[in-house]
Amino acid sequence: MEERVIQDFVHRVSTDEVLRKELVSDPDSVIMREGFSPRVARVVSRLAPHLTLDEPGKSDSWWYF
Amino acid sequence: MSDDAQKPVNPFAAWQQLLRERLYLLISNLHPMLRADVERAFQERGKLLFDPPDNSASDVSRPAGSWPLLTLLIAQHISPDIDTTFAASVAIATECFVCALDLLDDVEDEDQTLIISEIGRARALNISTTLLALAQQAILSSAQQGIDTKYILRLLDILQQSTLVATGGQHRDLLAEQRAASDLTREECIEIAAAKAGSIIRLACLFGAICANASEAECMELAEMGELLGIAHQLDNDSHDLYYLIQSKNASSGLPAERSVKSDLARGKKTLPIVLAAKSRKPLQEQGEISDEEKQGYLLALNEGIMTTWGISLLYRERAHERLRVISSRRSLAPELRLLLGFE
Chain A
1 MEERVIQDFV
11 HRVSTDEVLR
21 KELVSDPDSV
31 IMREGFSPRV
41 ARVVSRLAPH
51 LTLDEPGKSD
61 SWWYF
Chain B
1001 MSDDAQKPVN
1011 PFAAWQQLLR
1021 ERLYLLISNL
1031 HPMLRADVER
1041 AFQERGKLLF
1051 DPPDNSASDV
1061 SRPAGSWPLL
1071 TLLIAQHISP
1081 DIDTTFAASV
1091 AIATECFVCA
1101 LDLLDDVEDE
1111 DQTLIISEIG
1121 RARALNISTT
1131 LLALAQQAIL
1141 SSAQQGIDTK
1151 YILRLLDILQ
1161 QSTLVATGGQ
1171 HRDLLAEQRA
1181 ASDLTREECI
1191 EIAAAKAGSI
1201 IRLACLFGAI
1211 CANASEAECM
1221 ELAEMGELLG
1231 IAHQLDNDSH
1241 DLYYLIQSKN
1251 ASSGLPAERS
1261 VKSDLARGKK
1271 TLPIVLAAKS
1281 RKPLQEQGEI
1291 SDEEKQGYLL
1301 ALNEGIMTTW
1311 GISLLYRERA
1321 HERLRVISSR
1331 RSLAPELRLL
1341 LGFE
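Sequence order for the protein chains is A and B.
Going by this note's numbering, the first residue of the first sequence is number 1, and it counts up by one from there.
Going by this note's numbering, the first residue of the second sequence is number 1001, and it counts up by one from there.
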């Protein structure tokens, strides 16, 4: 399940300093090595720079719920 | 240079005007005192009568009346020659439905929004009831325009179904406030987001498709895209709201961050980042005396929950985008519709 894959990856980046540094220096290699589905790979590509900064990117949401 | 020259062009202006005319016609027979409060509800941010404070054209990608615009533009996407009076009436039903649920949400969540502070909870509840009736009236009024009753019945059926799904989601959300965050699951949180936010964009898309006589396959694709987009936006809101709450309290309140977060959590809202954080750390309000280290640990868990939630929102956005590619492969989307959907 893709949700679970993302959850597990974020947890690993949060707790594994080596992976975190690698994600900063060479995110493409990390994404390729992890063997993500194309859809999850696109998500992680967008997520990666923000994971290392510990802050989400700009909100895409403008619908007022 | 004049002020006008500096304002961005509003690509939705003509549609907004059409929708406002239909709205004013629909509420014209209400008692003036009731009509005044109904109009006030439509002046909330994002609603059709919203007027940006600086009198600018506001952000063109966030137009006033985005919900009815979505219904109207999807109808025109499916059937460019559609009777715009009919499509606009159905779009106004969308606006009334969303506005009614928003007011109920404010009251049920005990949010002190501007409109609640102005008109109070009792009048807000009455306006919500009025708006739900107006949503049906907007659809029924199409019979006077010679619209086949089969469309009217189908639209009313969708309206009823969506109301039941959205209220079901809201009920689960309210009951979740009484449960420990660690008892909830990621799946439950996403199901609630689908029922609450997903059902609303689903309805807006489906209304447009049905009134344009779209095929069943097109109706399904648009409905699914709407639901996925609704989930994506809800999770995006949940992650950013909590992130900014923590940041703002850290930066300006002078209170320790963990104390500020605790006061918000005391309301009992179980959004996905909070539920995910509770899987690894007991929430602050469920703990007694705790050390600074434990507080710091909970904040780190919250941050991981925020990032995971944002990642999952991006996943749903990707899924919605995939549906949109299928939809636009049949006929290209108008730039305004792409802009409205956030895929420009």
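Cβ atoms here follow ideal geometry from the backbone N, Cα and C, with glycine treated the same way.
What you are looking at is a predicted structure, and each value in this text was computed from that prediction instead of being measured.
With at least 16 other beta carbons inside 10 angstroms of its own, T1130/B counts as buried. Within the same chain, Cβ atoms closer than 7 Å to the Cβ of S1280/B are found at A1301, the five residues on either side in sequence being excluded. The Cβ atoms of D1105/B and Q1178/B lie no closer than 8 Å to each other. Within a 10 Å sphere around the beta-carbon of N1029/B sit fewer than 16 other beta-carbons, which makes this residue exposed.
Counting along the chain, the unbroken alpha helix (DSSP H) around L1341/B starts and ends at 1335 to 1341. Annotation: I6/A to I1152/B spans about 43 Å, alpha carbon to alpha carbon.
For chain A, the residues of the region 1231 to 1245 of chain B that bring a beta carbon within less than 7 Å of one of its beta carbons are H1233, Q1234, D1236, N1237, S1239, H1240, Y1243, in chain order.
Taking all protein chains in view, the Cβ of H1240/B is crowded by 16 or more other Cβ atoms within 10 Å, so the residue is classified as buried.
Contacts between R1186/B and chain A, judged by CB atoms closer than 9 Å, involve E3, R4, Q7 in chain order. In this model, I1158/B and D8/A are separated by some 38 Å (Cα to Cα). Proximity of chain B to R42/A at the Cβ level (cut-off 7 Å) is accounted for by E1318, in chain order. What V24/A touches in chain B, judged by beta-carbon distance under 7 Å, is nothing: the nearest beta carbon there is about 15 Å away. A direct Cα-to-Cα measurement between G1230/B and D1051/B gives close to 25 Å. Not flagged as an interface residue toward chain A: I1074/B, since no C-beta distance is shorter than 8 Å. Closest in C-alpha terms to K1047/B, from the list L1025/B, T1085/B, L1314/B, L1101/B, comes L1101/B. At least one CB of chain A lies nearer than 8 Å to the CB of L1314/B. Counting along the chain, A1088/B sits inside the alpha helix (DSSP H) bounded by residues 1084 to 1108.
Residues of chain A with a Cβ closer than 9 Å to the Cβ of W1015/B do not exist; the shortest Cβ-Cβ separation is about 17 Å.
At a C-beta separation below 8 Å, V10/A has these neighbours in chain B: E1304, M1307, T1308, G1311.
Under a 10 Å Cβ-count criterion, K58/A is classified as exposed, with fewer than 16 other Cβ atoms of the shown protein chains found around its own Cβ.
Linking P49/A to L1134/B through their CA atoms gives a straight-line distance of about 47 Å. DSSP places Q1170/B in the helix class (H, G or I) of the three-state scheme.
Rounded to the nearest whole angstrom, the CA to CA distance from Q1137/B to F36/A is 49 Å. E1336/B and A1088/B have their C-alpha atoms spaced approximately 16 Å apart. Contacts between R39/A and chain B, judged by CB atoms closer than 8 Å, involve L1315, E1318, R1319, E1322 in chain order. Scanning R1062/B, I1027/B, T1071/B, A1036/B for the CA closest to the CA of A1124/B turns up A1036/B. The Cβ of P56/A sits closer than 8 Å to at least one Cβ of chain B. Look at L1228/B here: in three-state DSSP terms it is helix.
Relative to A1278/B, the option among T1163/B, L1299/B, P1011/B whose CA is nearest is L1299/B.
By the rule that beta-carbons nearer than 8 Å mark a contact, R33/A does not touch chain B. For R46/A, the residues of chain B that pass the 8 Å Cβ criterion are L1314, in the order they occur in the chain. Chain-order list of chain B residues neighbouring L19/A: empty, with the shortest C-beta distance near 14 Å, by a criterion of under 8 Å.
Excluding its 5 nearest sequence neighbours in each direction, R1202/B has C-beta neighbours in its own chain below 6 Å: A1223, G1226, E1227, listed in chain order.
Residue contact check for S29/A against chain B: no CB pair falls below 8 Å. By the C-beta criterion, the region 1310 to 1322 of chain B is judged not to be in contact with the region 1208 to 1220 of chain B, since fewer than 3 inter-stretch pairs fall below 8 Å. Counting only residues of its own chain and dropping the five nearest sequence neighbours on each side, L1034/B has a CB closer than 7 Å to the CB of T1130.
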